[in-house]
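A.B. asks:
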Amino acid sequence: AIVGKPEYMKAGFEAQLRSVVLLKNQGNVLPITSKKTVYVPKRFVAAGRNFLGKEIPAFTDYPVSLDLVKKYLNVTENPDEADFAFVAITNPSATTGYDKKDLKNGGNGYFPISLQYGDYIATEARAISIAGGDPLETSSNRTYKDKTIKTANFTDAQLVTETKAKMKGKPVIVSVSTTNPMIFGEIEKEASAILLSFGVQDQAIFEILSGKSEPSARLPMQMPVDMKAVEKQAEDVPFDIECYKDTEGNRYDFGFGMNWKGVIKDPKTTQYRGK
858 AIVGKPEYMK AGFEAQLRSV VLLKNQGNVL PITSKKTVYV PKRFVAAGRN
908 FLGKEIPAFT DYPVSLDLVK KYLNVTENPD EADFAFVAIT NPSATTGYDK
958 KDLKNGGNGY FPISLQYGDY IATEARAISI AGGDPLETSS NRTYKDKTIK
1008 TANFTDAQLV TETKAKMKGK PVIVSVSTTN PMIFGEIEKE ASAILLSFGV
1058 QDQAIFEILS GKSEPSARLP MQMPVDMKAV EKQAEDVPFD IECYKDTEGN
1108 RYDFGFGMNW KGVIKDPKTT QYRGK
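If you want my numbering, it's the 1-based position in the sequence shown plus 857.
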């Protein structure tokens, strides 16, 4: 059998562990090797559609299985009783960059794709786009300059901020599942530690959080300082964007990552980052 073969499942899970990036570890808060008590806030998910176009109603629920969490930690619903908080969110969820309603209202239909949680006004976008000229379009200019876009999960950033306040100085561990670059300035300052993943099982996150596995991955992409930097980058030039620098002094550049000892520096660092 191929599906469910233990050997393949083991290899797949090990690959997941090797893909999780530790971005921040203030005061070496991670790993949490003893069975401490964690507060896991519920996460709001806005209404939307799945890949088949079926409507999904809004809901609020725990972002991870508490049964899984309890295998590693004690769980409480009271922040005052917790030793630390674990907040699980996803990268800012923007639109596809096009809206038929705008086209019907006399616009060109194009909108910015935001990498930040807060509302984004594309004041720095090109007035005249590089691409354009589709036979099915009346305009050859696909600019979205000065248009505003909202992300569906802006509440994720609010959740981090609210949890930080509830914890009253106690550590807040933030786990971010992402599919693309994002602006970390809205959440990084509130987090004691940040784990970045790319669609892994929740178990992989807790294996690392608990110290049963040590993070070894590095960023496969640059994390921009803000949307202005995104708009100003040259699409055909690699590594030309200004990257975000966190409160620990680390820049979230391509190839950056940490383990329990700190910033990873080895031959691969030189090979992939040239420094």
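Just so it is clear, CB atoms sit at the ideal spot from N, CA and C, and this is done for glycine as well.
Compare the beta carbon distance of R999 and I946 with 8 Å and say whether it is the shorter of the two.
C.D. replies: By one-based count along the sequence shown, residue 999 stands at place 142. By one-based count along the sequence shown, residue 946 stands at place 89. No.
A.B. asks: Take every Cβ of the segment 903–911, pair it with every Cβ of the segment 1048–1060, and state whether three or more of those distances are shorter than 8 Å.
C.D. replies: No, the segment 903–911 is not in contact with the segment 1048–1060.
A.B. asks: So, with DSSP's three-state summary, where would you put P1095?
C.D. replies: For the purposes of this step, residue 1095 is taken as the residue at position 238 of the sequence shown. In this structure, P1095 counts as coil in the three-state DSSP scheme.
A.B. asks: Can you tell me which of the three DSSP states F901 falls into?
C.D. replies: In the sequence shown, residue 901 corresponds to position 44, counting from 1. Strand, per DSSP.
A.B. asks: Which residue marks the beginning of the beta strand (DSSP E) containing E1073, and which one marks its end?
C.D. replies: Your numbering for residue 1073 matches position 216 in the sequence shown. The residue you asked about is not Glu; residue 1073 is Ser in the sequence shown. Here S1073 belongs to no beta strand (DSSP E), and DSSP marks it neither H nor E.
A.B. asks: Decide if Y1129 is buried, meaning its Cβ has at least 16 other Cβ atoms within 10 Å, or exposed.
C.D. replies: By one-based count along the sequence shown, residue 1129 stands at place 272. Looking at its Cβ environment, which holds fewer than 16 other Cβ atoms inside 10 Å, Y1129 is exposed.
A.B. asks: Can you give me the C-alpha to C-alpha distance between P920 and L1076, rounded to a whole angstrom?
C.D. replies: Here residue 920 refers to the residue found at position 63 of the sequence shown. Here residue 1076 refers to the residue found at position 219 of the sequence shown. C-alpha separation (whole angstroms): 24 Å.
A.B. asks: So is E1043 buried or exposed if we call it buried at 16+ other beta carbons inside 10 Å?
C.D. replies: Sequence index remark: in the sequence shown, residue 1043 carries index 186 (1-based). Buried is the call here.
A.B. asks: Among V1029, G1068 and K1069, which residue has its Cα nearest to the Cα of A939?
C.D. replies: Against the sequence shown, residue 939 aligns to sequence position 82. Closest option to A939, Cα to Cα, is V1029.
A.B. asks: Contact between the segment 966–983 and the segment 992–1006: three or more CB pairs below 8 Å?
C.D. replies: Because the criterion of three Cβ pairs below 8 Å is met, the segment 966–983 and the segment 992–1006 touch.
A.B. asks: Helix, strand or coil for I999, going by three-state DSSP, please let me know.
C.D. replies: Locating residue 999 in the sequence shown gives position 142, counting from the first residue. According to the sequence shown, residue 999 is Arg rather than Ile. Here R999 sits in coil by DSSP.
A.B. asks: Considering only residues of the same chain and omitting the five flanking positions on each side of A1050, which have a CB-CB separation below 6 Å?
C.D. replies: Within the sequence shown, residue 1050 is the residue found at index 193, counting from 1. Excluding sequence neighbours, A1050 sits near K881, N882, V886, L887 and I1030.
A.B. asks: Going by other Cβ atoms of all chains shown within 10 Å of its Cβ, with 16 needed for buried, is D1013 buried or exposed?
C.D. replies: As a position in the sequence shown, residue 1013 is number 156, starting the count at 1. The residue is buried, with at least 16 neighbouring Cβ atoms inside 10 Å.
A.B. asks: Determine the extent of the beta strand (DSSP E) in which L879 is found, giving its start and end residues.
C.D. replies: As a first step, residue 879 is located in the sequence shown; it is residue number 22 there, counting from the start. L879 -> beta strand (DSSP E) spans V878 to N882.
A.B. asks: Once DSSP output is grouped into helix, strand and coil, what is the label at M866?
C.D. replies: Here residue 866 is taken as the residue at index 9 of the sequence shown, counted from 1. The answer is helix: DSSP assigns M866 an H, G or I state.
A.B. asks: Using alpha carbons as the reference points, say which of K1118, V897, M1039 and A915 lies closest to K1085.
C.D. replies: Residue 1085 sits at position 228 when you count from the first residue of the sequence shown. It is M1039 whose Cα lies nearest to the Cα of K1085.
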